[in-house]
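Undergrad:
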Amino acid sequence: MTALGVREAYRLWAPTYAAETAISSIDAALVGELTPDLSTARLLDAGCGEGRRLRDTGAARTVGVDLSPEMLQAGVGLDIDRPGLRTLQGDVRALPLPDRAFDVVWCRLVVGHLREIEQAYAELGRVVDHGGLVVVTDFHPEAQAAGHRRSFRANGQVHEIEHYVHTLQSHLAAAGAVGLRLDALREGCVGPDVREFYERADRLAQYREHVGLPVVLALAFRREG
Ligand SMILES: C[S@@+](CC[C@H](N)C(=O)[O-])C[C@H]1O[C@@H](n2cnc3c(N)ncnc32)[C@H](O)[C@@H]1O
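FYI, in the numbering used here the residues of the sequence shown are 20 to 244.
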């Protein structure tokens, strides 16, 4: 199967992207664990998709940025439009935002779509304030090594999406180079919490094979003051 480029993939996936998957639900649990109370925070979601994760954060001010106009447009139907929240089109490698403007920055399941991660980390490190937190999640290298691919179904077809493997070492090096120090690391594995996704797809045999496999890598970095 030829992998689709990111723009084309998310154009096709946008109308149905909001449906949770095993990966997105594992991501949500890990980011929930790593994110502090947001009630006084300025939150950025870099690569926010349609912005569904921004709906109920309780953050004082929230910005979502995504490359795909179709994903952002899909968010219009999701009731994410509220005071203090705005979404805009942009690239995580050149964020259209000022320096040090956020206390917490998420970048969830995005950097695996980038051939090189250094520029993205430089931008995440630039926009987070001193002492702030950057949470990055990625498709786990072990999942890719075990043959898993980033794919979705649209118009009755399964499509693979362009994906690049970034090792833990390369994440740490790119983050360290811009003053982001590792604060916490989590690996999200296939397990009972996501069994329902396999069951619904009539893939319980695969569930049994996959149990225990790490599929999401989650890293929290603190911006040195
Ligand atoms: C798997 S989705 C994750 C969306 C969202 N973070 C979530 O967890 O629901 C990946 C998103 O990254 C966006 N994306 C990919 N490359 C990007 C880039 N260079 N800059 C900004 N967004 C990008 C895609 O358009 C897509 O919406």
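By construction, the Cβ of each residue, glycine as well, lies at the ideal position given by its N, Cα and C atoms.
Tell me the DSSP secondary structure of S87 in three-state form.
TA: Here S87 sits in coil by DSSP.
Undergrad: List, from N- to C-terminal side, the alpha helix (DSSP H) runs of 4 residues or more that fit wholly inside the stretch 160 to 227.
TA: Qualifying alpha helix (DSSP H) stretches, in chain order: 160 to 164, 187 to 195 and 214 to 219.
Undergrad: In chain order, what are the residue ranges of uninterrupted alpha helix (DSSP H) at least 4 long that sit wholly in the stretch 122 to 156?
TA: Those alpha helix (DSSP H) runs which fall completely within the stretch 122 to 156 and span 4+ residues are 137 to 146.
Undergrad: Give the DSSP-derived three-state secondary structure of L107 in the structure shown.
TA: In the structure shown, L107 sits in a strand (DSSP, three-state: E or B).
Undergrad: Under the rule that 16 or more other beta-carbon atoms within 10 Å means buried, what is G175, buried or exposed?
TA: Its Cβ having fewer than 16 others within 10 Å, G175 is exposed.
Undergrad: Closest to W125 by CA distance: which of A203, L223, E243 and G66 is it?
TA: Answer by Cα proximity: G66.
Undergrad: Let me check understanding here. Comparing Cα to Cα, which of P233, G94, S87 and R119 lies closest to L62?
TA: Here the closest residue by C-alpha is R119.
Undergrad: Anyone know if the C-beta pair for V234 and H159 falls short of 8 Å?
TA: Yes, Cβ-Cβ distance for V234 and H159 is below 8 Å.
Undergrad: Taking only the alpha-carbon atoms, compute the straight-line gap between S58 and G77 and give it to the nearest angstrom.
TA: Between S58 and G77, the C-alpha separation is close to 5 Å.
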